[in-house]
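Q: Be aware that the sequence shown starts at 3, since it is given in our numbering, and climbs by one per residue.
Each residue gets a CB set at the ideal place from its N, CA and C atoms; glycine is no exception.
These numbers were taken from a predicted model, which means no experiment stands behind them.
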Amino acid sequence: MDRPADRAAWDGGKRVLLAAPRGYCAGVDRAVVAVEKALDLYGAPVYVRKEIVHNKHVVRTLTERGAVFVEETDAVPEGAHLVFSAHGVSPAVRQAASARSLQTIDATCPLVTKVHKEAVRFAAQDARILLIGHTGHEEVEGTAGEAPEHITVVDSPEVADTIEVEDTGNLVWLSQTTLSVDETMETVRRLRARFPHLQDPPSDDICYATSNRQVAVKKIAPEADLVIVVGSANSSNSVRLAEVALDAGARAAHRVDNAGEVEDAWFEGVTTVGLTSGASVPEVLVQEVLALLAERGYGAVEEVTTAMEDLQFALPTDLRRDLKAATNTAGRRSLPVTPL
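1. Considering Cα atoms alone, identify which of ALA88, GLU80, ALA94 and LEU19 is closest to GLU53.
2. Alpha carbon to alpha carbon, how far is ASN57 from ALA69?
3. Is it the case that the segment 31–41 contacts the segment 60–76, given that we only count it when at least three CB pairs across the two stretches are under 8 Å?
4. Excluding the five sequence neighbours on either side, which residues of its own chain have a C-beta within less than 7 Å of the C-beta of LEU321, listed in chain order?
5. Taking buried to mean at least 16 other C-beta atoms within 10 Å of its own C-beta, is PRO198 buried or exposed?
6. Where DSSP assigns a beta bridge to GLY276, which residues make up the other side?
7. Can the beta-carbon of VAL231 be found less than 7 Å from the beta-carbon of LEU243?
8. Classify SER205 as buried or exposed, calling it buried when 16 or more other Cβ atoms lie within 10 Å of its own Cβ.
9. Can you name the residues that DSSP bridges to SER177?
10. Mind the definition here: the segment 136–152 touches the segment 97–105 only if three or more C-beta pairs lie below 8 Å; say whether that holds.
11. Compare the Cα-Cα distances from GLY45 to each of GLU151, VAL72 and HIS83 and report the closest residue.
12. Output the distance between the C-alpha atoms of ARG192 and GLU185, rounded to the nearest integer angstrom.
13. Mind checking which residues open and close the alpha helix (DSSP H) that includes VAL258?
14. Mind checking which residues open and close the beta strand (DSSP E) that includes HIS199?
15. Look at the alpha carbon of LEU295 and the alpha carbon of GLY301, and state the distance between them as a whole number of angstroms.
16. For the 8 Å Cβ check, are there 3 or more pairs between the segment 170–189 and the segment 119–128?
17. Given a threshold of 16 other Cβ atoms within 10 Å of its Cβ, counted over all protein chains shown, does ASP4 qualify as buried or as exposed?
18. Is the segment 23–31 touching the segment 253–265 in the sense that three or more CB pairs, one from each, lie closer than 8 Å?
19. Distance check for ASP42 and ALA1, CA to CA, integer angstroms please.
20. State the DSSP-derived secondary structure class of ASP184, mapped to helix, strand or coil.
21. If you reduce the DSSP assignment to three classes, tell me which class GLU305 lands in.
22. Please report the straight-line C-alpha distance between GLY299 and THR278, rounded to a whole angstrom.
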């Protein structure tokens, strides 16, 4: 690994290897901005089903602006604005929202929507679908809800060793987008050992951002005495990053929500700290950890870049329509009145 650009900044003493890419992905950015724009346009409250993304700081910040997070649609007043989170929802949830005349904004990540469409297409072909993912995760519930009679959730490689499937002649696997790439492929390997005719999805379901962040942490982990992953406990991709770091050779790895959760005991004998963040984490939280590390003497920071990301997703269609209409209306009102 190359030394820092400012070689004098590191003399073999304490340093930080800062992973890149890290933090917000395009789908998370789109979802968070969708709630912010909805609040600006419609005013508070705007309701959000589940957490818009799995990050405590983001949820708290949006709550302070007037977002109201609910578990299900029946907690939303009839006719109100409701945002579906980046993790996606099942058709049953959409129907429940429609029954209450809710004005919905679908902030589902387009990469999650892709998996939903794959599930629908394979179910239409009467295929049996093995969905690799964590039971109870919103994304898995949403995808499984597209074709519940056809989908069986495979929660781990160990489950792959014991799961029973009635019809193996038309069998395909799909996956949650935020899993460990290595663990997912190990699950697929075990499934294929039992079901040789298992078909692959037409494209990789694990999202580019999840994969990129795992590659970056693998790069820094072998040189790190300690890896700190910024991300919430219910963020699947953040939890996976800590696991990947350990598997890749880090002496220790810990996930924290913020700098306040970093513990003194972790730094005993530590020269090199690796730092990264999950795909639902705003950069401000990483900078706060960097400031804390600098106070502890880890002032030399080397950013280790393994990929460049420039993907952006357009805002949800209905929200863009309303924003455009509001802009046009404001423009007409601001036109000067010509005297007769």
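A: Put simply:
1. What you label residue 53 is simply residue 51 of the sequence shown in a count that begins at 1. The shortest Cα separation from GLU53 among ALA88, GLU80, ALA94 and LEU19 belongs to ALA88.
2. Walking along the sequence shown from the start, residue 57 turns up at place 55. Walking along the sequence shown from the start, residue 69 turns up at place 67. If you take the alpha carbons of ASN57 and ALA69, they lie about 14 Å apart.
3. yes
4. Taking the sequence shown and counting its residues from 1, one reaches residue 321 at position 319. Around LEU321: ALA36, LYS39, ALA40 and ILE107.
5. Taking the sequence shown and counting its residues from 1, one reaches residue 198 at position 196. The residue in question, PRO198, is exposed, as its Cβ has fewer than 16 Cβ neighbours within 10 Å.
6. Residue 276 sits at position 274 when you count from the first residue of the sequence shown. Its beta-bridge partners are LEU19 and VAL229.
7. Against the sequence shown, residue 231 aligns to sequence position 229. Against the sequence shown, residue 243 aligns to sequence position 241. Yes, Cβ-Cβ distance for VAL231 and LEU243 is below 7 Å.
8. Your numbering for residue 205 matches position 203 in the sequence shown. So SER205 ends up on the exposed side.
9. Your numbering for residue 177 matches position 175 in the sequence shown. Bridge partners of SER177: ILE134.
10. no
11. Here residue 45 refers to the residue found at position 43 when the sequence shown is read from its first residue. Checking every option, the nearest Cα to that of GLY45 belongs to HIS83.
12. Sequence index remark: in the sequence shown, residue 192 carries index 190 (1-based). Sequence index remark: in the sequence shown, residue 185 carries index 183 (1-based). Straight-line Cα distance between these residues: approximately 11 Å.
13. In the sequence shown, residue 258 corresponds to position 256, counting from 1. No alpha helix (DSSP H) contains VAL258, which is instead part of the beta strand (DSSP E) from 255–258.
14. Walking along the sequence shown from the start, residue 199 turns up at place 197. Element bounds for HIS199: n/a, residue is neither H nor E.
15. Residue numbering aside, residue 295 sits at position 293 when the sequence shown is read from its first letter. Residue numbering aside, residue 301 sits at position 299 when the sequence shown is read from its first letter. Distance between the alpha carbons of LEU295 and GLY301 is about 7 Å.
16. Contact holds between the segment 170–189 and the segment 119–128, because three or more Cβ pairs, one in each stretch, are under 8 Å apart.
17. By one-based count along the sequence shown, residue 4 stands at place 2. At ASP4 the pLDDT is 43, less than 50, meaning the model places this residue with poor confidence and gives no usable figure here.
18. no
19. No answer is possible for residue 1: the residues shown for the chain start at 3 and end at 342.
20. Here the question's residue 184 lines up with position 182 in the sequence shown. Note: ASP184 maps to helix in three-state DSSP.
21. What you label residue 305 is simply residue 303 of the sequence shown in a count that begins at 1. It is a strand residue.
22. On the sequence shown, position 297 is the one that residue 299 refers to. On the sequence shown, position 276 is the one that residue 278 refers to. C-alpha separation (whole angstroms): 18 Å.
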